[in-house]
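For the sequence shown, counting from 1, position 493 maps to 513 in full-length UniProt numbering; every step adds exactly one.
Worksheet: the structure to be examined is printed underneath.
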Amino acid sequence: KPLQLNDLRRDGVWASSIINGLANFHSDFHLHGQRELSSPIDCVSHGRLGFANQQDVEYAVAAAHAAFREWRLWPAPKRGQVIKAIAESVTQHKQALARLIVLEAGKIESEALGEVQEWIDLCDLAVGQSRQLHGLVIASERFEHQLLEQWHPLGVVGVISAFNFPVAVWAWNAMLALVCGNAVIWKPSEKTPLCAHASVQIVLDVLKRMDAPLGLMQLVQGDHQVGQALVKNQKVALVSATGSCRMGQQVAQQVAARLGRSLLELGGNNALILAPSARLDMALRAIVFAAVGTCGQRCTSLRRLIVHESLLDEVCSRLPQIYASLKIGDPREPDTLLGPLIDGIALQSMKEKIEEAILAGGILLSGGQVIVGVPVGHYVQPTLIRMPMQTALMYEETFAPLLFIVPYSNLMEAIAINNAVPQGLSSAIFTQDQREAELFMSAVGSDCGLANVNVGTSGAEIGGAFGGEKATGGGRESGSDAWKNYMRRSTNTINYSQTLPLAQGVNFDV
Ligand code: UN1
């Protein structure tokens, strides 16, 4: 039985019929691998998820490819109309879908609503883009010749996404991929299968209503083996993967081995520089949202705070006060700001990192404890640690509300600290000094894909290209010209003369 979004309105309850329906989605999924499903809010098991197998993936790729062959013939603005209808449907289901994100990912409602809003915003962008899939006309060196560049649909786009944005990151990829004339196969995180199921259901309903090929949106549920099957499939023209650097390294190598394309959005290890002229009240709010929002589980979450030595004492006394006032607990309660971590593994790595930091000379300013009093679920105190300097343990991303503070004395030193880690996703500076802001954004400044001024590291708008450098994988998704990732470029040389001159003046008389 397909999942009905109305079912989701029953607060906190995942009816087992929904879960059974999930296992039967696309009806011929074999239950060869299984996973217990539970909400991080209470860790109570609500059913089991059936995994797709190799054959299911092949079947889904073939069905997607068949749909793509038809879809690429639709004029792009007509494809845009389908995306417009998807946006309307998502808007109608916004509350219900956000509720499901709260249940499955443990986000607070406002952030879950924001995530659904990102899907709607991306639809807007894709609808406009549908009339702007433009190429170039280039001057030819030859008499009565012309050079053109056209952009064509790519084929089947595989999307592998993470638990922390169970809807938005897929939506960025899927809406642009669709409007560009592709079919999509989605392998969501096995931790958030219901969000994926509901999102796909919304899309399928619209495709059906608008007589678009139903095979355009395929869902394959399961663990990394399902992802692997997708990654290795020659027919998947582009694999867009979001997740850890380790996962991205594997995906990149396997896709490269078959000379396919990949688009990677991997780990971040984001820093914020707090300069002497910063407006401190504003900066502190930005720091807290970036470090503890989504329980520190965004790829853009703030991990490292680089504070000018003149502000260090004040920051180290004010931030713990704010941290102590944050309400931690059930994300369904309206005043909660921090929900649970996704699972016990996340909690364990946070604990280990805190111990390691204290052994390395870190001073615990706030937090450090698992929450007792919240009965079940992996609830933690957001944690602040002051480090004497940036040490090796800060080079790795810990996906938790754990913030390290280090001091600096001049801006170039702060920029060097920002750039010293392997990842290069997001970065920020708080300053009122124009020169400092410009330097931070310049070629000798932050080496990250996102470099913000008086704005925290997380919470990017969809209009800009989103992604990062170095170990973050180099991909750009969402706005700006990211649509080009989902298309292939055809360069056309046209001769409208009566002769056949060769380029570079070559003579080849026959
Ligand atoms: C992610 O965590 O994978 O900029 C994406 C942000 C969000 C997207 C985060 N708009 O924080």
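All residues carry an ideal CB built from backbone N, CA and C; glycine is no exception.
Any chain B beta carbon closer than 8 Å to residue i
i: G268; result: Looking for chain B here will not work: only one protein chain is present.
Residue burial classification, residue i (beta-carbon count within 10 angstroms, cutoff 16)
i: D529; result: exposed
i: R496; result: buried
i: P213; result: buried
i: A105; result: buried
i: N527; result: exposed
i: I378; result: exposed
i: G148; result: exposed
i: V223; result: buried
i: E334; result: exposed
i: I383; result: exposed
i: R59; result: The sequence shown places Ser at residue 59, not Arg. S59 comes out buried.
i: M237; result: buried
i: P97; result: exposed
i: D141; result: buried
i: M302; result: exposed
i: H398; result: buried
i: R305; result: exposed
i: A463; result: exposed
Whole-angstrom C-beta distance between residue j and residue i, which should lie under 8 Å
i: S510; j: H172; result: 6 Å
i: Q137; j: A298; result: Actually they do not touch by this definition, with Cβ atoms about 29 Å apart.
i: A485; j: A502; result: 5 Å
i: F419; j: G316; result: 7 Å
i: G381; j: M407; result: 7 Å
i: F424; j: R324; result: 5 Å
i: Q410; j: I437; result: 5 Å
i: V102; j: V226; result: 6 Å
i: Y343; j: L404; result: 6 Å
i: A457; j: R162; result: Not really, about 48 Å apart at Cβ, beyond 8 Å.
i: V251; j: V259; result: 5 Å
i: L385; j: P421; result: L385 to P421, Cβ: 13 Å. No contact.
Inset, instruction - Flag this pair as touching only if the segment 162-171 and the segment 217-233 have three or more C-beta atom pairs under 8 Å; answer yes or no. - result: no
Inset, instruction - Pair every Cβ in the segment 358-366 with every Cβ in the segment 112-130, then say whether three or more of these pairs are closer than 8 Å. - result: yes
Legend entry - Residues passing the C-beta test against the ligand UN1 heavy atoms, cut-off 7 Å: E138, A182, N184, F185, A188, V189, T262, E285, R318, C319, T320, S478, G479, A480, F486
Inset, instruction - Would you check if the segment 276-289 and the segment 437-448 touch, i.e. whether three or more CB-CB distances between them fall below 8 Å? - result: yes
Legend entry - At least 3 beta-carbon pairs within less than 8 Å: the segment 467-485 vs the segment 508-527: no
Inset, instruction - Say whether the segment 421-431 touches the segment 328-338, bearing in mind that this needs 3 or more beta-carbon pairs closer than 8 Å, one atom from each stretch. - result: yes
Inset, instruction - Would you check if the segment 404-415 and the segment 271-282 touch, i.e. whether three or more CB-CB distances between them fall below 8 Å? - result: no
Legend entry - the segment 302-311 touching the segment 470-483, judged by at least three CB pairs closer than 8 Å: yes
Inset, instruction - Please determine if the segment 89-96 and the segment 230-243 are in contact, where contact requires at least 3 C-beta pairs separated by less than 8 Å. - result: yes
Legend entry - Contact the segment 172-187 vs the segment 200-208: 3+ CB pairs below 8 Å: yes
Inset, instruction - May I ask you to verify whether the segment 275-282 touches the segment 368-375, counting CB pairs closer than 8 Å and requiring at least 3? - result: no
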